[in-house]
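Novice: Here it is: the structure, laid out below.
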Amino acid sequence: MSWTEAYAVCQVEQSTLAVVRTRSDADFLKKLTETTTKPTFKEKYQRGIYHLGFHNRLNEGWQTVTGEPMNSDTDAWFDHYQPERNDAKQCGSMLYTGLLINIDCDTRSVFICEHQLNTKVSPLGVSLTDSAQILHPYVGGGVEK
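Under full-length UniProt numbering, the letters of the sequence shown match residues 1 to 145, in that order.
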């Protein structure tokens, strides 16, 4: 799927494309993708790349799908690069290595959705979930063989 199609699928699933806020988020997603079954597709897909929730589609600077400015930590980007505002590659993804890259929005790839959960606290004050977020890879688009 293209980045835009992946964004739409996540919205239908009542989630968003996953947002990397810290290096530990990227490391978590990297480990998660390592344990995910690798699908095969009849269509042409860019392997080793996962669409994530950041973009510069409005040419207003890189931001997350939740409207936050993107972290400018260049260590999180492939080859310590952070894309320019006017770069032609306006959508965000992650390499299988956990590093962020900017790509053409029409690139067909798999993607990761982020689901928000309401954390519930038991009467004893114990959290019933470890985190307010659950991330899981949602492999979409194309047809598995």
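Even glycine gets a Cβ: it sits at the ideal position worked out from N, Cα and C. Since this is a predicted model, take the numbers as computed values, not measurements.
Mapping DSSP to helix, strand and coil, what is THR22?
Specialist: Of the three classes helix, strand and coil, the one that applies to THR22 here is coil, per DSSP.
Novice: Let me know if THR35 comes out buried or exposed under the rule of 16 or more other beta-carbons within 10 Å of its beta-carbon.
Specialist: It is exposed - the Cβ of THR35 has fewer than 16 other Cβ atoms within 10 Å.
Novice: Taking just the CA atoms, how far does GLU43 sit from THR66?
Specialist: For THR66 and GLU43, the distance between alpha carbons rounds to 30 Å.
Novice: Smallest Cα separation from GLN46: which of SER93, LEU99, GLY98?
Specialist: That would be SER93, whose Cα lies nearest to the Cα of GLN46.
Novice: Quick one: give me the first and last residue of the alpha helix (DSSP H) that GLU5 is part of.
Specialist: Counting along the chain, the alpha helix (DSSP H) containing GLU5 begins and ends at 3-12.
Novice: DSSP three-state label for LEU17, please.
Specialist: Three-state result, LEU17: strand.
Novice: Sorted by chain position, which residues of the same chain lie with C-beta nearer than 7 Å to LEU95's C-beta, five sequence neighbours on each side aside?
Specialist: The answer, listed in chain order, is GLY48, ILE49, PHE78, ILE101.
Novice: Would CYS113 pass as a contact of CYS91 if the rule is Cβ separation under 8 Å?
Specialist: Against a cut-off of 8 Å, the Cβ pair of CYS91 and CYS113 comes out as no contact.
Novice: Just grab the DSSP bridge partners of LEU95 for me.
Specialist: In the DSSP output, where bridge partners are listed per residue, LEU95 has ILE49.
Novice: So what's GLU114 in DSSP terms, helix, strand or just coil?
Specialist: Strand, per DSSP.
Novice: If we count the other Cβ atoms within 10 Å of its Cβ and call it buried at 16 or more, is THR64 buried or exposed?
Specialist: That one is buried.
Novice: Applying the 10 Å Cβ sphere with the 16-neighbour rule, what's the burial state of ASP27?
Specialist: Result: exposed.
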